[in-house]
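> Would you mind keeping the following structure in view while I ask a few things?
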Amino acid sequence: MNTVTLSHPVNESALVDWPPSTLVQSHSSSFSTRSIPSKIAPFYYKAAYDSSLLPQDITITTLVTQNRFNVLANLAERYQGPISAAIHIPSYPSPIPLLTELHKLYTSNPYMRTYVDVHLVIDSQERQFNMWRNVARYYARTELVMMLDVDFVVCTDFRTKLLAQASKSNKGKTKADGGIMERVKSGQVALVVPAFEYVDQDEGKNVSAFPRDKPTLVDLVKKDKITMFHQSWLPGHGSTNYKKYLSLPSPHTLYKVTTYQHSYEPYIIFSKSLGSWCDERFVGYGGNKAACLYGMYVEGGVEFWVMGDDFLIHRAHGYEEKVRTKERKINQKVYMNYRSELCLRRLEHLVQIGDAEEGIRSRRGKNVLKECSKIKGIAGNVLKVRLMSILSFGG
Numbered sequence: 062m063n064t065v066t067l068s069h070p071v072n073e074s075a076l077v078d079w080p081p082s083t084l085v086q087s088h089s090s091s092f093s094t095r096s097i098p099s100k101i102a103p104f105y106y107k108a109a110y111d112s113s114l115l116p117q118d119i120t121i122t123t124l125v126t127q128n129r130f131n132v133l134a135n136l137a138e139r140y141q142g143p144i145s146a147a148i149h150i151p152s153y154p155s156p157i158p159l160l161t162e163l164h165k166l167y168t169s170n171p172y173m174r175t176y177v178d179v180h181l182v183i184d185s186q187e188r189q190f191n192m193w194r195n196v197a198r199y200y201a202r203t204e205l206v207m208m209l210d211v212d213f214v215v216c217t218d219f220r221t222k223l224l225a226q227a228s229k230s231n232k233g234k235t236k237a238d239g240g241i242m243e244r245v246k247s248g249q250v251a252l253v254v255p256a257f258e259y260v261d262q263d264e265g266k267n268v269s270a271f272p273r274d275k276p277t278l279v280d281l282v283k284k285d286k287i288t289m290f291h292q293s294w295l296p297g298h299g300s301t302n303y304k305k306y307l308s309l310p311s312p313h314t315l316y317k318v319t320t321y322q323h324s325y326e327p328y329i330i331f332s333k334s335l336g337s338w339c340d341e342r343f344v345g346y347g348g349n350k351a352a353c354l355y356g357m358y359v360e361g362g363v364e365f366w367v368m369g370d371d372f373l374i375h376r377a378h379g380y381e382e383k384v385r386t387k388e389r390k391i392n393q394k395v396y397m398n399y400r401s402e403l404c405l406r407r408l409e410h411l412v413q414i415g416d417a418e419e420g421i422r423s424r425r426g427k428n429v430l431k432e433c434s435k436i437k438g439i440a441g442n443v444l445k446v447r448l449m450s451i452l453s454f455g456g
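In terms of my numbering, the sequence shown opens at residue 62 and continues consecutively.
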């Protein structure tokens, strides 16, 4: 990689290898499948956001490619809270033109300077989406993070509401949310912010006209102007239960996702310290984000709860359909292998610890048995674990 001579150059001595040894040691299965070396420039730009406020805040973690720099600036202006962005800079040809473009945008945009931490990912491989997600999360400076694609527009102020709830919880006051924020912080729960898109793609580009409250959103849905995100691929977001969401009167806080399945890939708020990371074997489109949530559900024992008054809307843009179709076919097999490997590993773990606190009867154990029983060739192992529970522990 060439050293970049700019007013804000890449200092090669400051580059670090990815993944960090601490993650490899504690979560080797998620990172050991990577074969492509990458260098990271963490905090290439560091936001001026008041660091004393950071631990209690919610960081949007996102990944950005070279054609989305301006969209990141728009997100910073709309959210006006901490953002941790992993930006891929190809190592060949020279990264200087892209870094120059990024430098001009960052230094000229007050919202970028105030709110956005930028971490460069420098290598030759495009579309390592899960690796980029992990980088953004790893370097986030808050206790809670939100995994969000940069093309989504934050339409409601869920951040202020959640921070207020967390503040009440910290002061020991009555928990109007039923203690849900404590469960989010402890890694038991992830909050889903429902995602929508315009039916007319041209209307989906006019961000200034996007609704800012649920009643307006519901009205546009009834008029067939807006629909659930990727309605043509129901498994992706269907478990959010949009019919229930749209029928709930405002204000309404939360409801639990009861129909999780392995293709579910909503945008979520969760604890940065949650003991599950996105598996980095995925390269290209297809299955990568769903795999992140699958790991959370099976390995982390997470429950998903939907925020009943909040929503996101997708900023319409074109897709590389030929590339996406090819890569999805490949990643479909990759995802199947990942699910099988994770299930076998978790089932072995359940056998080893038996009926302990994190064992067969725990929330995590139940998630493992439920999802892994759906995989051909592994269902028999699930049955054996269940029989072992009955014979050894009487239930």
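Every residue gets a Cβ at the ideal spot worked out from N, C-alpha and C, and that includes glycine.
Nothing here was measured: the structure is a model prediction, and the numbers come from that model.
Is it buried or exposed for Pro272, if we count other Cβ within 10 angstroms and need 16 for buried?
Mapped onto the sequence shown, residue 272 falls at position 211. Burial call: buried.
> Since Thr217 and Phe331 should fall inside the 8 Å C-beta cutoff, what is the C-beta to C-beta distance between them, to a whole number of angstroms?
Against the sequence shown, residue 217 aligns to sequence position 156. Against the sequence shown, residue 331 aligns to sequence position 270. No, Thr217 and Phe331 are not in contact; Cβ-Cβ is about 18 Å, not under 8 Å.
> Where are the beta strand (DSSP E) runs, 3 residues long or more, that stay fully inside the stretch 139-218, in chain order?
The stretch 139-218 contains these whole beta strand (DSSP E) runs: 144-151, 177-184, 205-208 and 213-215.
> In its own chain, which residues sit with a C-beta less than 6 Å from the C-beta of Tyr355, not counting the 5 before and 5 after it?
Locating residue 355 in the sequence shown gives position 294, where the first residue counts as 1. His323, listed in sequence order.
> Give me the Cα-Cα distance between Thr235 and Thr203, rounded to the nearest whole angstrom.
Here residue 235 refers to the residue found at position 174 when the sequence shown is read from its first residue. Here residue 203 refers to the residue found at position 142 when the sequence shown is read from its first residue. Summary for Thr235: the model assigns pLDDT 47, below 50, so the residue's position carries little reliability; its value from the coordinates is reported in the next sentence. Going from the Cα of Thr235 to the Cα of Thr203 covers about 24 Å.
> Within its chain, find whatever has a CB closer than 6 Å to the CB of Val77; leave out the 5 residues flanking it on each side and keep chain order.
On the sequence shown, residue 77 is found 16 positions in, with the first residue counted as 1. So the list reads Ile101, once near-sequence residues are dropped.
> How long is the line joining the alpha carbons of Ile391 and Gly345, rounded to whole angstroms?
As a working mapping, residue 391 is identified with position 330 in the sequence shown. As a working mapping, residue 345 is identified with position 284 in the sequence shown. The straight-line gap from Cα to Cα measures roughly 9 Å.
> Smallest Cα separation from Gln141: which of Trp338, Val384 and Phe219?
By one-based count along the sequence shown, residue 141 stands at place 80. It is Phe219 whose Cα lies nearest to the Cα of Gln141.
> Have a look at Asp111, Met208, Val412 and Asn302 and flag the residue whose alpha-carbon is nearest the alpha-carbon of Thr123.
The residue labelled residue 123 in the question sits at position 62 within the sequence shown. Of Asp111, Met208, Val412 and Asn302, the residue nearest in Cα terms is Met208.
> State the Cα-Cα distance for the pair His149 and Gly441, rounded to the nearest angstrom.
Reading the sequence shown from its first residue, position 88 is the one you call residue 149. Reading the sequence shown from its first residue, position 380 is the one you call residue 441. Going from the Cα of His149 to the Cα of Gly441 covers about 43 Å.
> Pairing CB atoms from the stretch 148-167 with CB atoms from the stretch 237-255, are three or more of them under 8 Å?
no
> Here's a check: name, in chain order, each residue in its chain whose Cβ is nearer than 7 Å to the Cβ of Tyr358, leaving out the five neighbours to either side.
Along the sequence shown, read from residue 1 onward, the residue named residue 358 stands at position 297. Correct list, in chain order: Tyr321, Asn428 and Glu432.
> Pull up the CB-CB distance for Ser99 and Asp184, whole angstroms please, since I reckon it's below 8 Å.
Numbered from its first residue, the sequence shown carries residue 99 at position 38. Numbered from its first residue, the sequence shown carries residue 184 at position 123. The pair is a contact, with the Cβ atoms about 4 Å apart (cut-off 8 Å).
> Hey, would you say Ile329 sits closer than 8 Å to Val214, going by beta carbons?
As a working note, residue 329 is residue 268 in the sequence shown. As a working note, residue 214 is residue 153 in the sequence shown. In this structure, Val214 does not lie closer than 8 Å to Ile329 by Cβ.
> If I follow the unbroken beta strand (DSSP E) through His375, where does it start and stop?
Stepping through the sequence shown from its first residue, residue 375 is reached at position 314. Where His375 is concerned, the enclosing beta strand (DSSP E) stretches over Leu373 to His375.
> Comparing the CB of Leu430 with every heavy atom of the ligand NAD, is any distance shorter than 7 Å?
The ligand content of the structure shown is nil, which means the ligand NAD is not present either.
> Out of Asp212, His313, Glu364 and Ser112, which one is the CA nearest neighbour of Arg139?
The residue labelled residue 139 in the question sits at position 78 within the sequence shown. Nearest of Asp212, His313, Glu364 and Ser112 to Arg139, Cα basis: Asp212.
> By the three-class DSSP mapping on this structure, what secondary structure does Asp280 have?
Counting from 1 along the sequence shown, the entry for residue 280 is found at position 219. In this structure, DSSP gives Asp280 a helical state, which the three-state scheme calls helix.
> Terminal residues of the continuous alpha helix (DSSP H) containing Val245?
In the sequence shown, counting from the first residue as 1, residue 245 sits at position 184. Looking at the DSSP string, the run of the alpha helix (DSSP H) that includes Val245 is Ile241 to Lys246.
> Considering only residues of the same chain and omitting the five flanking positions on each side of Gly347, which have a CB-CB separation below 6 Å?
Counting from one through the sequence shown, the residue named residue 347 turns up at place 286. Taken in chain order, the residues that qualify are Glu388, Arg389 and Asn392.
> Rank Phe92, Lys350 and Met368 by C-alpha distance to the C-alpha of Asn302 and give the top, closest one.
Translated into positions along the sequence shown, residue 302 becomes position 241. Of the candidates Phe92, Lys350 and Met368, the one whose C-alpha sits nearest the C-alpha of Asn302 is Met368.
> Rounded to whole angstroms, what's the CA-CA distance from Pro154 to Lys229? Just pull it up for me.
Translated into the one-based positions of the sequence shown, residue 154 becomes position 93. Translated into the one-based positions of the sequence shown, residue 229 becomes position 168. Looking at the two C-alpha atoms, the distance is approximately 52 Å.
> Take Gly364 and list the residues in its own chain whose beta-carbon comes closer than 6 Å to its own, dropping the five residues that flank it on each side.
On the sequence shown, residue 364 is found 303 positions in, with the first residue counted as 1. The sequence shown places Glu at residue 364, rather than the Gly named in the question. Answer for Glu364: Val250, listed in chain order.
> Rounding to the nearest angstrom, what Cα-Cα distance links Leu430 and Lys350 in this structure?
Your numbering for residue 430 matches position 369 in the sequence shown. Your numbering for residue 350 matches position 289 in the sequence shown. The alpha-carbon separation between Leu430 and Lys350 amounts to approximately 22 Å.
> Between Ser145 and the rest of its own chain, which residues show a CB-CB distance below 6 Å, the 5 nearest in sequence each way excluded?
Residue 145 sits at position 84 when you count from the first residue of the sequence shown. Here Ser145 has Thr120, Thr122, Asp178, Ala197, Tyr200 and Ala201 as same chain residues with Cβ atoms under 6 Å from its own Cβ, once five neighbours each way along the sequence are excluded.
> Taking the alpha-carbon positions, what's the Asp280 to Gln117 distance?
Translated into positions along the sequence shown, residue 280 becomes position 219. Translated into positions along the sequence shown, residue 117 becomes position 56. Each residue's alpha carbon lies about 35 Å from the other.
> Got a sec? Which residues, its chain only, sit under 8 Å from Leu115 by beta carbon, not counting five neighbours each side?
If you number the sequence shown from 1, residue 115 lands on position 54. Within the same chain, Leu115 has close Cβ partners Pro143, Arg202 and Thr203.
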